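Here's the structure, in structure tokens; my notes come after.
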DNA sequence: CGCCTTCGCTTACCATTGGTAAGTAGGCAC
DNA sequence: GTGCCTACTTACCAATGGTAAGCGAAGGCG
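Residue numbers (the numbering used here), protein chains in the order written: chain A, 2 to 127; chain B, 2 to 127.
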């Protein structure tokens, strides 16, 4: 079941590496939260997003949004007015990822207590 | 629908903050990859895990595993022999998270090409 | 005219995080 | 005694992220 590519490398391993790499870039805290917020709000401006994503710095917000835009997850629309007006919404790809990640949010909400209990137990060990 | 707690804070907001916090700790690159590897392999020793999780440093592996153990996601079993023998496997909680995150792996595998295309398009803009 | 405000950034500086590589424990084979 | 085994620590350095300040261009205000 291990196909070999023309260059001699293992295709399955290469694919796995690529997917793992992709997960590495996408599975980060801020990306997931921005994805969730935008998924629920539809369209938001930069500052509104900044308030909705509690705790994010402007720097990380711009950085995260740029990365998401580059990955085709969000669309950035600039309205050329003064003061500037820029808004963000998810692409179909972004919605897809949001839906895929939805299960994790549900899991987190459902098992919050268990995790807190596990932590307390762990912290009280000899 | 916004219940108010005895201390006056908004319960929905507090819950949301807690869940967001939890996502922040759990939605990190290495945790997700370790979760996946352990989910597929069942039980692995420290060094085997280190080889399976390509690119992780020993330091981050110990750190990630400790955190996951604290959160009740993995069980760490020490066999008191020399040289040391320690193995790791997922708890039910860990399997649950792995299953919840499974959708994201599938999404990543399915949309890899679209993302790469989006990146190329982005990188070639004026 | 000059000054302040607004919004979406960008930048300089510093703290925290993560990678690299070397060390440690402790028994067992040589 | 020397070296090897594994699962870590640790010291040191590079990269990442937070904080806070600045910027640019138009419009309102005195």
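Backbone N, C-alpha and C define an ideal beta-carbon position, used for all residues, glycine too. Nothing here was measured: the structure is a model prediction, and the numbers come from that model.
For residue i: DSSP bridge partner residues
i	result
residue 86 of chain A	A/80
residue 35 of chain B	DSSP output for residue 35 of chain B lists no bridge partner at all.
residue 16 of chain B	Bridge partners of residue 16 of chain B: none, in fact.
Residue i (DSSP reduced to helix, strand or coil)
i	result
residue 75 of chain A	strand
residue 44 of chain A	strand
residue 67 of chain B	helix
residue 55 of chain B	coil
residue 22 of chain A	helix
residue 28 of chain A	coil
Enclosing alpha helix (DSSP H) for residue i [first to last residue]
i	result
residue 99 of chain A	93–124
When the options are compared against residue i, the one with the closest alpha-carbon
i	options	result
residue 98 of chain A	B/67, B/112 and B/100	B/112
residue 91 of chain A	A/121, A/103 and A/41	A/41
residue 43 of chain A	A/74, A/107, A/83 and A/121	A/74
residue 38 of chain A	B/18, B/104 and B/88	B/18
residue 55 of chain B	B/34, B/77, B/78 and B/124	B/34
residue 109 of chain A	B/14, B/12 and B/24	B/24
residue 94 of chain A	A/106, A/83 and A/69	A/69
residue 89 of chain B	B/117, B/127 and B/45	B/45
residue 71 of chain B	A/80, A/12, A/82 and A/125	A/125
residue 31 of chain B	B/13, B/59 and B/123	B/59
residue 119 of chain A	B/76, B/15, B/114 and B/29	B/76
residue 63 of chain A	A/87, A/83, A/102 and A/82	A/87
residue 36 of chain B	B/127, B/103 and B/79	B/103
residue 101 of chain B	B/14, B/13, B/28 and B/80	B/28
residue 80 of chain A	A/51, A/107, A/47 and A/106	A/47
residue 116 of chain A	B/22, B/121, B/127 and B/78	B/22
Legend entry - Near-chain B residues of the region 90–101 of chain A - C-beta to any C-beta below 7 angstroms: 94, 97, 98 and 101
Inset, instruction - Scan the region 59–73 of chain A for residues whose Cβ lies nearer than 8 angstroms to a Cβ of chain B and list them as they occur along the chain. - result: 70, 71, 72 and 73
Legend entry - Contact set between the region 41–53 of chain A and chain B, restricted to residues whose Cβ is under 9 angstroms from the partner: none
Legend entry - Near-chain A residues of the region 111–126 of chain B (beta-carbon distance less than 7 angstroms), N- to C-terminal order: 112, 113, 115, 116, 119, 120 and 123
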